[in-house]
Amino acid sequence: MPVPTSAPTEHQLLRDTVRAKIHDAIMDGTLEPGERLNDDELIAWLGVSRTPIREALSQLARAGLIEMAPNRYTRVTTPKPEEVVEALQTLGVLFGGVVRLAVPRLGPAARRKILAALDKTIAEFEAHDVAGVNHDSLDVFGLYVAECGNADLQRVCRDTTDGLGFRLRLPNLDELVDWDSMTAEFKRLRAATEAGDNVAAELATEAIHLLPGEKH
């Protein structure tokens, strides 16, 4: 039997629009960590009814950007130092595979774009620009995601990486990880990407994200 298909409903599109606006406000800092989200204020801001707002907030909670406790609060997630290692390692499992798939597929323009983004992030590491690293390092790996050629992996990354990356947005991140080692591994990732060595790029990515290396 043929599977029926249907276009998204107006309600679904409205929910997705609301979700995108709240997501962007969290990621750009307009809505700050720990900030409580009041339905009436969101209705006034977004000009929509309560239902798509609650649905969008539930989706953002599943992504890790919102914390919700029934009848108590709905608020922007507050990154916690004790969650840094787990968030990094989870990203490393995802991004290691992404990088291994993406590097052999890179055309000249995509490679130049990624190398330029890596140069920017490496400069931020060397300057101890924690805010810049928090923002730009996730974007670097987003470029690899776009080039990896695996739709399933891209979908998983799209649904999870913002929430995980947001958990790393701590002003003292450089005190919680080995900053010098991460700087060196980003340089190794750049060299491997430029050389087209996807295995070395994967290993550097995993080291950046605190995954255990090979035993010798």
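Sequential numbering of the sequence shown, starting at 6, is according to our numbering. All C-beta atoms in this analysis are idealised placements derived from N, C-alpha and C, irrespective of residue type, glycine included. What you are looking at is a predicted structure, and each value in this text was computed from that prediction instead of being measured.
Asked: Reduced DSSP secondary structure (H/G/I, E/B, other) of T83; Found: coil
Asked: Assigned secondary structure, A68 (DSSP; H/G/I helix, E/B strand, else coil); Found: coil
Asked: Cβ-Cβ distance between G170 and L208 below 7 Å; Found: no
Asked: The segment 143-160 touching the segment 95-108, judged by at least three CB pairs closer than 8 Å; Found: yes
Asked: For A132, three-class secondary structure by DSSP; Found: coil
Asked: Distance CB(L19)-CB(V53) smaller than 7 Å; Found: yes
Asked: Limits of the unbroken alpha helix (DSSP H) element including G154; Found: Premise fails: G154 is in no alpha helix (DSSP H) and is neither H nor E.
Asked: Of the listed residues R55, G39 and L158, nearest to E46 (C-alpha basis); Found: R55
Asked: Where the alpha helix (DSSP H) through S54 begins and ends; Found: Where S54 is concerned, there is no enclosing alpha helix (DSSP H), given that its DSSP letter is neither H nor E.
Asked: Beta-carbon spacing of M73, T79 below 7 Å; Found: yes
Asked: Own chain residues within Cβ distance below 7 Å of R92, not counting five before or after; Found: Looking at the sequence shown, residue 92 is not Arg but Ala. L169, R172 and L173, listed in sequence order.
Asked: For V174, the three-state DSSP class (helix, strand or coil); Found: For the record, residue 174 in the displayed sequence is Arg; it is not Val. DSSP places R174 in coil when its eight states are reduced to three.
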